[in-house]
Amino acid sequence: MPIKSKVDQATKDRLDALNLRGVGFQQESTRFYPEASMAAHLIGFVGGDNKGYFGVEGYYDRQLKGKVGIAVQTKDVFGRPILTRANEKSKEVNGRNLILNIDRAIQFILENRLKEGIERYEAFGGMAALMDPRTGSILAMASFPSFDPGSFQDYPRDYYKNPFVSNMFEPGSTFKPLIMASALDSKTVKPDTKCPICAGPITIGDYQIRTWNNKYNKDTNMIEVIKNSDNTGMVFVGKSLGLSKMLSYLKKFGIGELTGIDLQGEVPPNLKSEELWYPIDLATASFGQGISVTPIELLAAFSSIANNGMRMEPHVVGKIETTEGETIAIKPKVLDKPISQQTAKVMTEMLVYAVEKGEAKWAKPKGYRIAGKTGTAQIPVAGHYDPNKTITSFIGFAPANDPKFSMLVVVDRPTTSIYGSETAAPIFFEIAKDLLTYYNIPPTE
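In the working numbering, each residue carries its 1-based index in the sequence shown increased by 28.
Here is the structure:
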């Protein structure tokens, strides 16, 4: 029976020299991570107890581990085997192989650009992920600070958790496309519908809602509301849609539900029931404040717009190879269809216009149609929002007419600027430009 595992070579040599009767050695296998910290949060690690933790390692631990073989044998007092039915033997079963949807080149691009951006904007951290909106395949995912799974014990424990699936955050303006798409789909508004309450700040009870730049546009239409990221315009959209209808659409988008991604550690989201909402909650949720989501939850929901209105289940593993040589393909899974194909097309054009004419237009790669939206969310501190501490983000997909990828970039507390248009958006567009080149997609404009 095993006495000790992970014995070093020097100890083995000393015991060998003693020539102890009944003491032998068996070679052990350990997990090796040749890419070091690349995709660490996605992959996870195998702990000292040979158990998988976090990421793919944790989620697929039983399939990767296989089954240990057992031999039970009855012996006499002299140690000789006795032939008896009590003797048992079971064959060991090797673990299965997993083939990920991750593209190494894309993962490399994502990590490098994200890390450069975090350093450039002097942020506390950041995260990003790329998904094929047509299939739900995760093409790349990264978070910083990170760790090396081969020496995980040398890093703080809170580095192990993948924030893209485990952290909740207020999405801010990146949530607006979901609300606007819901209103368009239900025919509550049209792109040219004018906002009758956008001439100034809106008062709801004891609260006053302003635009992010304190500029107001009387009779602005819905296209301009998205382009200008107009909070007052979104309050009009939310109130026109109504609480019941809004919650119904959000549930179809998967807000408040687990996405089902095959990574250990996804946090169950929480969308409070209708009776717990107040008028101010409806107003602020319409522009992404006072409501929390996980990044993967937001990316999966938003990708419905890129996929003709169909919401796909995100998945990291593309194929599983069994020990018998069988290959099990993980097929794309449609979870819902929150909006129609026509609504998705209209919303896409509104998001393209927002990129072309909005605050982040300076960072966009020339010649490409990209649909997207910036986000800036203040961080709640002691019952109020700190205006100087923000979570900035940019979500989008490209090319807009035939999306090859959807992407969400989140930057945690940048210090050079508090705005998504000046932090997360440039990172997004740098990654997008590299990817469009990688996919050999030529400019169309």
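Backbone N, C-alpha and C define an ideal beta-carbon position, used for all residues, glycine too.
Length of the line joining the Cα atoms of residue i and residue j
i	j	result
Ile348	Lys394	40 Å
Ala328	Gly282	8 Å
Ser475	Ala357	The chain is shown from 29 up to 473; residue 475 falls before or after that span and cannot be answered.
Pro512	Phe152	With the chain covering only 29 through 473, there is no way to say anything about residue 512.
Thr482	Met250	Nothing about residue 482 can be read from this structure; the chain reaches only from 29 to 473.
Ala391	Pro454	5 Å
Leu269	Asn122	55 Å
Gly228	Lys218	22 Å
Ile71	Gly178	11 Å
Asn190	Phe82	8 Å
Ala399	Met375	9 Å
Lys417	Gly154	14 Å
Lys273	Val321	19 Å
Arg141	Thr472	24 Å
Ile207	Ser332	13 Å
Asn195	Leu299	15 Å
Asn241	Phe73	45 Å
Ile319	Lys246	27 Å
Pro360	Ala334	15 Å
Three-state secondary structure (DSSP) of residue i
i	result
Ala426	strand
Phe457	helix
Thr250	Here residue 250 turns out to be Met, not Thr, going by the sequence shown. Met250 falls in the helix class under three-state DSSP.
Asp440	strand
Arg339	strand
Pro177	helix
Met66	coil
Val344	coil
Lys385	helix
Ile419	strand
Asn400	The sequence given here places Gly at residue 400; Asn does not occur at that position. In the structure shown, Gly400 sits in a strand (DSSP, three-state: E or B).
Gly316	coil
Asn140	helix
Val380	helix
Gly293	coil
Tyr235	strand
Ala357	strand
Leu46	helix
Phe73	strand
Ala133	helix
Tyr447	coil
Pro470	coil
Ala151	coil
Tyr367	It should be noted that the sequence gives Ile, not Tyr, for residue 367. Ile367 falls in the coil class under three-state DSSP.
Val84	helix
Pro408	strand
Residue i vs residue j beta-carbon contact at 7 Å
i	j	result
Ala68	Phe192	no
Pro205	Gly403	no
Asp220	Thr371	no
Ile230	Val253	no
Gly261	Cys223	yes
Gly76	Gln292	no
Leu271	Trp305	yes
Ile407	Pro342	no
Asp364	Lys280	yes
Lys255	Tyr396	no
Lys401	Thr239	no
At least three beta-carbon pairs within less than 8 Å, the stretch 410–419 to the stretch 162–175
no
Taking three-plus beta-carbon pairs below 8 Å as touching, is the stretch 433–441 in contact with the stretch 154–162?
Using a Cβ-Cβ distance cut-off of 8 Å, the stretch 433–441 and the stretch 154–162 are in contact, since at least three pairs of beta carbons, one from each stretch, lie closer than that value.
Which whole runs of the beta strand (DSSP E) in the stretch 238–287 are 3 residues long or more, in chain order?
Taken in chain order, the complete beta strand (DSSP E) segments of 3 or more residues contained in the stretch 238–287 number zero; there are none.
Curious, which full-length alpha helix (DSSP H) runs of at least 4 residues does the stretch 161–233 contain?
191–194, 204–213
Decide if the stretch 379–388 is in contact with the stretch 443–460; the criterion is three or more beta carbon pairs, one per stretch, under 8 Å apart.
yes
With a threshold of 8 Å, are at least 3 pairs of Cβ atoms found where one atom belongs to the stretch 261–268 and the other to the stretch 308–317?
yes
Is the number of C-beta pairs between the stretch 125–137 and the stretch 329–349 that are closer than 8 Å three or more?
Contact between the stretch 125–137 and the stretch 329–349 is present, because at least three Cβ pairs lie under 8 Å.
Check whether the stretch 415–425 touches the stretch 435–444, taking contact to mean three or more Cβ pairs, one atom from each stretch, closer than 8 Å.
yes
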